[in-house]
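Under my numbering, the first residue of the sequence shown carries the number 354, and numbering increases by one thereafter. Ideal Cβ positions, reconstructed from N, Cα and C, are used throughout, including at glycine.
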Amino acid sequence: MSGMELSRRLFEEAVRPILADEFPDVVYSAARLGPGSEVLGFDSVRSTDHDWGPQLLLLLDPGDVTEYGADIASVLSHRLPKRIAGWSTHFGEAGADGTAALADTDGPVRHGIEVTDVSGWLVDRLGDDRVVAGELSTVDWLGLSQQRLGEVTAGAVFHDGSGVLERVRRRLAWYPDPVWRYLLACQWMKLSQEEAFVGRASEAGDELGSMVVAARQVREVMRLALLQSRRYAPYSKWLGTAFTRFVPGSDRLGEVLRAVVGERDPGGRQSLLCEAYEEMAGRHNTLGLTEPLDPGRRRFHGRPFEVLMADRFAVALRDSIEDPVLRGLPLIGGVDQWIDNTDALTVTRVAAAAVYSAG
């Protein structure tokens with residue numbers, strides 16, 4: 354059973370009836386959002402060894418959290434069944450690494466139900482109190498990491514008493530059009546910056562360096578494919594899984610990208626990358642965001658290295674942006690296009706501060 358289904362059953366079979374009985378007048382939302390492989394639908398048997406199980410967010414108005422929050426948590430601890438669908442509802446003590454696993458108990462349940470307020474939880478995830486009011490500027494969007502946006506917009510909402518949670522999730526489901534175009538332009542520019550280095554490093558006798566650059570380019574193609582498919586890219590552990598599941602035609606494109614990583618011949622490596630670039634160029638033209646561009650490979654300024662000259666796509670996309678602020682920014686992108694540190698990206702105030710400093 355998936356963790357998401359287990360959380361749904363926890364709510365429907367236990368939490369909903371308990372709240373109706375004990376707190377009938379409290380308006381709440383119930384959801385499984387936030388961190389955890391099950392939120393993205395990627396959990397497996399391996400996931401069950403820590404921080405996995407029947408879990409919920411109960412989101413109340415701030416005043417109700419103050420008045421009822423502790424009582425709700427206590428009542429659930431004493432009234433929840435010990436098991437749901439054969440799985441314990443009790444989490445053992447957290448270990449030295451801060452994680453906890455399901456365990457049996459004869460006493461009150463140490464449950465995985467967080468009782469908090471909607472605004473506070475969203476600000477904690479995304480770092481900006483304007484998220485709830487829908488007042489994000491185009492530059493504000495650049496400080497929101499895709500991992501965090503995925504944690505808020507994926508998962509499932511089982512009940513939304515106030516309607517606030519689903520309203521915010523709809524607003525955050527994907528980037529505003531100018532922001533999307535800007536991020537696409539920046540992703541093409543990232544590809545452009547290193548597309549000639551695969552051949553040049555090899556020519557200089559640095560085969561390891563050539564292979565490293567090729568692998569970096571594969572990652573950037575995958576992230577571009579997710580952007581083109583209007584899907585937030587998760588952090589590195591789940592990037593390949595998200596690419597495979599969410600990008601149309603990922604089987605064919607993925608085969609080419611796997612071949613790049615495994616190719617020992619530098620010329621073959623370069624040619625395979627160009628095959629991937631040409632596929633992405635064709636997808637760009639299909640999107641219709643700019644006038645069609647030549648999707649074919651070419652020599653890099655007369656040198657014997659095949660490239661797409663991906664900066665052509667970056668410039669065309671930038672020129673299509675009507676928002677004057679975004680159009681005037683350097684093509685460095687959103688925070689997770691130029692910060693490659695998971696901890697920095699998930700500390701939302703750090704990510705936002707970095708964007709405003711760069712701008």
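Check                                                                                                                                                                     : Outcome
By Cβ distance, which residues of its chain are closer than 7 Å to residue 542, with the 5 residues on each side in sequence left out?                                    : 664, 667, 684
Between the region 463-472 and the region 535-554, can you find at least three pairs of beta-carbon atoms closer than 8 Å?                                                : no
Look up residue 683 in the DSSP assignment and say whether it is helix, strand or coil.                                                                                   : coil
DSSP on residue 474, reduced to helix/strand/coil?                                                                                                                        : helix
Exposed or buried, residue 595, counting other C-beta atoms within 10 Å across all chains shown (16 or more means buried)?                                                : buried
Just list the alpha helix (DSSP H) runs in the region 639-672, keeping only unbroken ones of 4 residues or longer that don't cross its boundaries, in chain order.        : 664-672
Does the pairing of the region 563-575 with the region 588-606 give three or more beta-carbon distances under 8 Å?                                                        : yes
Using the C-alpha atoms, what's the distance from residue 368 back to residue 497?                                                                                        : 32 Å
Which residues bound the beta strand (DSSP E) around residue 509?                                                                                                         : 509-513
Given that a residue counts as buried once 16 or more other Cβ atoms are within 10 Å of its Cβ, and exposed if not, what is residue 622?                                  : buried
Go ahead and label residue 464 buried or exposed: buried means 16 or more other beta carbons lie within 10 angstroms of its beta carbon, across all protein chains shown. : buried
Are the CB atoms of residue 461 and residue 491 within a distance shorter than 8 Å?                                                                                       : no
Kindly indicate which residue of 480, 391, 422 has the alpha-carbon position closest to the one of residue 697.                                                           : 480
Please classify residue 431: is it buried, with 16 or more other beta-carbons within 10 angstroms of its beta-carbon, or exposed?                                         : exposed
Tell me, please, which residues DSSP counts as bridged to residue 465.                                                                                                    : 408
In angstroms, rounded to a whole number, what distance separates the CA positions of residue 424 and residue 626?                                                         : 58 Å
Three or more C-beta pairs under 8 Å: does that hold for the region 357-372 against the region 558-565?                                                                   : no
Is it true that the CB of residue 502 sits closer than 8 Å to the CB of residue 510?                                                                                      : no
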